[in-house]
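Right, one structure below, let's go through it.
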Amino acid sequence: LEAEAFQLKQKVALAAEVKSVLDSWVRYETSLREREQKRLAAYVQERVTKELEDPKIQQAILAQAVIDVERGNVWVQFINCSLHGTGLVKIASTDSMYE
1 LEAEAFQLKQ KVALAAEVKS VLDSWVRYET SLREREQKRL AAYVQERVTK
51 ELEDPKIQQA ILAQAVIDVE RGNVWVQFIN CSLHGTGLVK IASTDSMYE
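For what it's worth, UniProt numbering labels the leading residue of the sequence shown as 1, then goes sequentially.
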């Protein structure tokens with residue numbers, strides 16, 4: 001009976017150790033994934049910012065915005081740009097105004 005109790009204690013201790021290792025591995029994998037997501041977000045933000053600095057891209061965006069406004073199917077709302085403290089124009093179709 002004592003031998004059986006000892007074996008059960010050993011199995012419980014082993015199971016607890018395995019669970020601890022697996023939990024640790026899951027935390028490690030989660031931290032890797034979060035770090036990679038932060039890197040990817042920073043990369044995308046950097047690329048978009050760089051693209052928006054291109055005068056050709058700015059002109060294309062402006063030209064499309066003018067076309068949309070001239071068609072009369074958009075509404076314009078000024079929003080604050082926290083990045084530079086300037087006012088940006090948010091343009092959306094009138095269909096999405098009431099969604």
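Even glycine gets a Cβ: it sits at the ideal position worked out from N, Cα and C. Computed from a predicted structure; not experimentally measured.
Cα-Cα separation between residue i and residue j, rounded to whole angstroms
{"i": "Glu36", "j": "Leu14", "result": "33 Å"}
{"i": "residue 124", "j": "Arg27", "result": "Residue 124 is absent from the structure shown; the chain starts at 1 and stops at 99."}
{"i": "Asp23", "j": "Gln10", "result": "20 Å"}
{"i": "Phe78", "j": "Leu62", "result": "Low local confidence applies: a pLDDT of 44 at Phe78 is under 50, so the model's placement there is unreliable, and no value is given."}
{"i": "Thr30", "j": "Ile67", "result": "46 Å"}
{"i": "Leu52", "j": "Arg71", "result": "24 Å"}
{"i": "Lys19", "j": "Phe6", "result": "20 Å"}
{"i": "Lys56", "j": "Ala42", "result": "23 Å"}
Residue-level contact to chain D via CB, residue i, 8 Å cutoff
{"i": "Lys19", "result": "Although the question refers to chain D, the structure presented lacks it and comprises just one protein chain."}
Limits of the alpha helix (DSSP H) - the one that residue i falls within
{"i": "Asp23", "result": "2 to 52"}
Close Cβ partners of residue i (< 6 Å) along its chain, the five nearest in sequence each way excluded
{"i": "Arg33", "result": "none"}
Residue environment, residue i, which counts as buried when at least 16 other CB atoms sit within 10 Å
{"i": "Leu1", "result": "exposed"}
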